[in-house]
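In what follows, a single structure is set out as structure tokens and then discussed.
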Amino acid sequence: MAALAESTAGQNRGGPVLVTGIGVMLPGATHVNEFWQDVRDGRSRLGPLTRCAPGPTGVRAAGELRDFDHRKFLPDLNEKFAGRYTREALAAMSAVEEARRDAGLGQGEIDPHRLSLIASSSRGPLEWVSNVLTDGAHPEAAEASAARRAAARKRHFADSGAMLRGMPGAPATLAAIHGDVRGLVTTLSSACVGGHHALGFAADLIRSGGADAALVLGYEFPLTPLVFESFTAMGDGVLSTESADPRRAVRPYTRDREGFVFGEGAIALCLEREDHARARGVDGYARVLSHRARNEATHPFGMDMSGKVTASVVAEALDDAGRAPADVGWFCGHGTATPKNDVAESRMLGALYADRPRSAWPPLTSLKPVHGHLLGATALVNAAATALALQHQTLCATANYADSVPDPECDHDHVGEGARPGELDLAVSLAFAIGSQTSVLVLGAA
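Using UniProt numbering, the first residue of the sequence shown is number 1, and each one after it goes up by one.
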């Protein structure tokens, strides 16, 4: 029997929950305003892969977090400690601090025992692991002498920080220590739906009275040959390898799509009980209305291609929120530009709006062409963009759609022409993951 994880969103024992802060450390964006401009306009931040050599995979494009300097965001972090942390951890800590700053939730604004931090990462400290294996060199240099490899390992494990560098939960723990977060601190690993799961758990924690606010963190740094090879082994159409222009490498919902490109970085959202935020004079970006997650319990690499399963999860999430499919103004899709995902999302709309012509379906956007696919952080990228769209009353664009030929099954409204102003009261963020997982997040205007 399929496992069904139900949100307690409808109970709202602790009152409504708001998104009050957003912090980003993403390709081309280290401030919420930069992030909004990019996702709103469909401005691609993908470029040539320089972080590592692609090996035999042929991967040429990536969303890279370049010129990142943690000192700008963590000015009071002791450099002795910072020198022992990974780039992954420093970016995650920076995103959390930016979310707190954006929310105005300084250490004097909340009881630290009433503040929690829930994180999501699909694969943990892969960049560090890859560096240990190759000493930071390109894979072609991996045949270095045994003496050189031994010396490299000694450098990587030369201090007590090595224990932290190898732990998937360390970025969340370090962010909590730095920010004096004394409530629940944990890290989930649920592949590409993990960000939704973390946000849903955080909202439930607040509603149950277990916290007044929670920081929800997603981080992923997958730009390593190890990841490239594991994904290209799944076959053609998963990773984009053909496009000469990295900005056009991801083309969701089109006939000539060829897969996705990986991105790296961290993103954090601050969730807060509405009355707590209002008492501080904070309006917030959006309300977290409900979250539903379903394990289809079928093939680990498959997903329901009829669209009916996802449509049922969307309908259940909307019912939890006291709303109906007719109320949805926009879907922020997963949109990986892979053969199955794009079609499955379109079929979901067909099943959910079976009484409407295709021309009357709500718009469906993919943000993957902007920053790439961030695995365990990608659902939070969608959630943040959805919250901002509700605040600004503007639908985000799907880059590369307008100048491509649509897939006939996906030939409907993808906001391909660019950012679109409009009245937006309710929006849905979608996420899908390896492991037969589907996740739906419903947000409303604040």
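The beta-carbon is built from N, C-alpha and C at its ideal position, and this holds for glycine as well.
With at least 16 other beta carbons inside 10 angstroms of its own, A385 counts as buried.
With fewer than three CB-CB distances shorter than 8 Å, the region 217-228 does not count as touching the region 293-306.
The region 340-352 and the region 372-385 do not touch, with fewer than 3 CB-CB distances between them shorter than 8 Å. Distance from the CA atom of L105 to the CA atom of P171, rounded to whole angstroms, is 20 Å. Apart from the 5 residues on each side of it in sequence, R51 sits with its Cβ closer than 7 Å to the Cβ of A62, E64 and L223 in its chain, given in chain order. Between S404 and D256, the C-beta gap is smaller than 8 Å, which places the two residues in contact. Looking at the backbone, the Cα of R292 and that of L184 are separated by about 22 Å. Within the region 225-302, the complete beta strand (DSSP E) segments at least 3 residues long are 265-273 and 286-295, listed from N- to C-terminus. Around the Cβ of Q437, a 10 Å sphere holds 16 or more other Cβ atoms; the residue is buried. Per DSSP, T187 lies in no alpha helix (DSSP H); the unbroken beta strand (DSSP E) holding it starts and ends at V185 to L188. Cβ neighbours of L188 within its own chain (closer than 6 Å, five residues either side excluded): S120, G194, H197 and A198.
Per DSSP, the continuous alpha helix (DSSP H) segment holding Q37 begins and ends at V32 to D41. A191 places its beta carbon 8 Å or farther from that of G350. Within 10 angstroms of the beta-carbon of I177 lie fewer than 16 other beta-carbons, which makes it exposed. Cα atoms of D236 and V309: separation of roughly 26 Å, rounded to the nearest angstrom.
One Cα belongs to D69, the other to S312, and the distance between them is close to 44 Å. D102 and G21 do touch by the CB rule: their CB atoms are close to 4 Å apart, below 8 Å. In terms of Cα proximity to L374, the closest of A266, A389 and A354 is A266. Ranked by how close their Cα comes to the Cα of V428, the residues T394, A387 and D413 have A387 in first place. In the structure shown, A99 falls within a helical segment according to DSSP collapsed to helix, strand and coil. Closest by C-alpha distance to V288, out of L90, D425 and A99, is D425.
Fewer than three pairs of CB atoms, one per stretch, sit closer than 8 Å, so the region 360-367 makes no contact with the region 210-224. Note: I22 is bridge-paired with L269 in the DSSP secondary-structure output. By the C-beta density criterion, E423 is exposed, having fewer than 16 other C-beta atoms within 10 angstroms. In the three-state DSSP reduction, S346 falls in the helix class (H, G or I).
Contact annotation: G284 and L18 have beta-carbon atoms nearer than 8 Å.
Counting along the chain, the unbroken alpha helix (DSSP H) around A170 starts and ends at A170 to G179. Under DSSP, the beta-bridge partners assigned to A427 are W330 and L443. Residues E274 and R287 of the same chain have their beta carbon placed closer than 7 Å to that of P16, with the five preceding and five following residues left out of the count. DSSP places P369 in the helix class (H, G or I) of the three-state scheme.
Here the region 390-410 makes contact with the region 244-262; the two share three or more CB pairs at distances below 8 Å. The continuous stretches of beta strand (DSSP E) do not include A360, and DSSP gives it neither H nor E.
For V17, the pairing in a beta bridge is given by DSSP as R273 and V288.
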